[in-house]
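Below is one structure; the comments refer to it alone.
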Amino acid sequence: MSRIKESQLVGIIGAKWGDEGKGKVSSNLVPQIDVGVGINGGRNAGHTAIVDGVEYKLHIAPGSVTNPDAQSLIGPGKIVHTDGAIEEINTLRYQGLRIDPDNFMISERAAFSGDYHQDWDKIMEERRGKGGIGTTLKGVGPAYTDRVQRIGIPIGLINHPDLFMEELDKALGDYRGRLHSGEDVPDSFRLDYYEPVLERARQQLSPFITNTTSILIAKINEGKRILFEASHGAMLDITYGDYPYVTSSGCVASAIAYGAGLGVIPNMEIIAVYKAYESKVGGGFFPTELLDRKGDLIREKGHEFGTTTRRPRRIGDFDGVASRHSANLSFPTKIAITRGDILTNIDGLKICNAYELNGQVVTEFPFHDILLRQCRPYYRREDYYDGWSEDFQGVTHYGDLSYNFQQYTIGLMEAIGRGELWMIGTGPEDKDAVVLSSIF
Ligand code: IMP
Ligand code: MG
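The sequence shown begins at -16 in the numbering used here and counts up one residue at a time.
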């Protein structure tokens, strides 16, 4: 057996609240890989890949689907809404991508998700009222909850229809029991709703369902180049994020192996993707949030509206406290900085390297939103940066970047505190980037 080379296994994670531009970073690597693996999330995740001018909206498929020679694996950590997956596969095929059982595989252990999860997500958000989490309402939290509550359904059971219906019947009974008296029973809480759903899934998804762990192990043994893609971002991690305003899966580097279908991944290169400013959708305190004209300008220039929900994203100054928290959790070897080009002609740039909490300067990210809410950004004179007006969109050489942007990037790297600067995104297309070293 060949020795596993360090550079063959690469993981990409979002370093903050999602939408850092992981899709763009992955698109840059996808032409060079043999296998791409999705590890967490479901329809809540939205990832845009722009390759040769064509825009692909991905929710459950990893970016590797845009490479016809690569295999794409949907790992056991993913949530598969069957009709959603069918629609996504059909759209991608319509856009010209080849998606066949020999290059696209779904783990039999990935979690089945149905409309009952989405309806329950809505009911829970309504019950939470104003202080709601602001979920994407795609049922992903409930589907993960079911797994932990041991009423979840592995997607592989669609190949055993009687068992599938038996398990689903139990789960739906549990859901009906959660309704308050007077609440209508949604159609999606009834078993017969799923007869056509199961039929469609059997016809269109069954060929893709397999033991992806065996395939992955074989690929690792063959010395293939494998890219592991995490969805969301570290600050949305179920344990380490801004709890409880988080998603329901692990999003830091340690979640990669588990969600991919392995206990551990040896010698993995970790690329953490940081956006040059912050954005966030959904609830939770956001210490560096910009509620002024500067925030509006960045939102408009950056088209910061959710891929999944179209919600306008909240915008903020770069948060060094959250950045360091995230880097300390994932030990990234490589850092990608994205969307610096959006900050061209934006004045008043600053990097928040500490919070003020009850009159004290703190540099650790609090463990609960209740504490975070009491924090205010704390700036020193050296945290302010001069802006720039040079347009460097599409630039591929470091020397062609604006000098002031280079200085700002150095400030970002100091704030992050770990990893080597590897890529600077300079525009939406996969080739719009300064790449400082090769990964493969
Ligand atoms: P859920 O994942 O739908 O349960 O939503 C929980 C929180 O995570 C909400 O604040 C969502 O807006 C946020 N969230 C989930 N997935 C993403 C993502 O891919 N990008 C950005 N925010 C996300
Ligand atoms: Mg997204």
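Every residue gets a Cβ at the ideal spot worked out from N, C-alpha and C, and that includes glycine.
Residue 295 in three-state terms, based on DSSP = Correct three-state label for residue 295: strand.
Can you give the Cα-Cα distance for residue -11 and residue 240, rounded to whole angstroms?
-> Only weak support is given to the placement of residue -11: the predicted model assigns it a pLDDT of 48, under 50, and the question is left unresolved by the model.
Three-state secondary structure assigned by DSSP to residue 88 = Residue 88: strand per DSSP, three-state reduction.
Could you have a look at residue 301 and say whether DSSP puts it in helix, strand or coil?
-> In this structure, residue 301 counts as strand in the three-state DSSP scheme.
Nearest-angstrom Cα separation, counted from residue 267 out to residue 356 = Taking the CA atoms as reference points, residue 356 sits about 8 Å from residue 267.
Would you check whether the ligand MG has a heavy atom nearer than 7 Å to the C-beta of residue 30?
-> It does: the Cβ of residue 30 is within 7 Å (strictly closer) of some heavy atom of the ligand MG.
Integer-rounded CB distance, given that residue 72 should sit under 8 Å from residue 82 = About 5 Å; that satisfies the 8 Å criterion.
When every heavy atom of the ligand IMP is checked, does at least one fall within less than 7 Å of the C-beta of residue 215?
-> The ligand IMP approaches residue 215 closely enough that one of its heavy atoms is under 7 Å from the residue's Cβ.
Quick one: Cα of residue 308 to Cα of residue 335, how far?
-> Roughly 13 Å separates the two Cα atoms.
So which of -8, 4 and 188 has the shortest CA-CA distance to residue 261?
-> Sorting -8, 4 and 188 by C-alpha distance to the C-alpha of residue 261 places 4 at the top.
Within the present structure, is the beta-carbon of residue 431 separated from the nearest heavy atom of the ligand IMP by less than 7 Å?
-> Nothing in the structure corresponds to residue 431, since the chain is present only between -16 and 423.
Same chain, Cβ closer than 7 Å to residue 158, neighbours up to 5 away in sequence not counted | The answer, listed in chain order, is 99, 103 and 172.
Kindly indicate which three-state DSSP category residue 68 falls into: helix, strand or coil?
-> It is helical.
Could you tell me which of 231, 163 and 183 sits nearest to residue 27, measuring between CA atoms?
-> Comparing Cα-Cα distances from residue 27 to each of 231, 163 and 183, the minimum goes to 231.
Output the residue ranges of the beta strand (DSSP E) runs that lie fully inside the region 238 to 313 and measure 3 residues or longer, sorted by chain position.
-> Counting only runs of 3 or more, we get 252 to 258, 261 to 263 and 297 to 299.
Taking C-alpha atoms, which residue in 40, 106 and 87 lies nearest to residue 78?
-> Shortest Cα-Cα distance from residue 78 to any of 40, 106 and 87 involves 40.
Option in 43, 368 and 388 with minimal Cα separation from residue 374 | Cα-wise, what sits closest to residue 374 is 388.
Give every residue of the same chain whose Cβ lies closer than 6 Å to the Cβ of residue 359, excluding the five residues on either side of it in the sequence, and list them in chain order.
-> The residues are 339.
Same chain only: Cβ atoms within 6 Å of residue 76, ignoring 5 sequence neighbours per side = Within the same chain, residue 76 has close Cβ partners 82.
Looking at residue 27 and the ligand IMP, is the gap between the Cβ and the nearest heavy atom below 7 Å?
-> Result yes, Cβ under 7 Å from the ligand IMP.
Pick from 315, 317 and 332 that is closest to residue 323, judged by C-alpha positions | Nearest to residue 323 by C-alpha distance, out of 315, 317 and 332, is 332.
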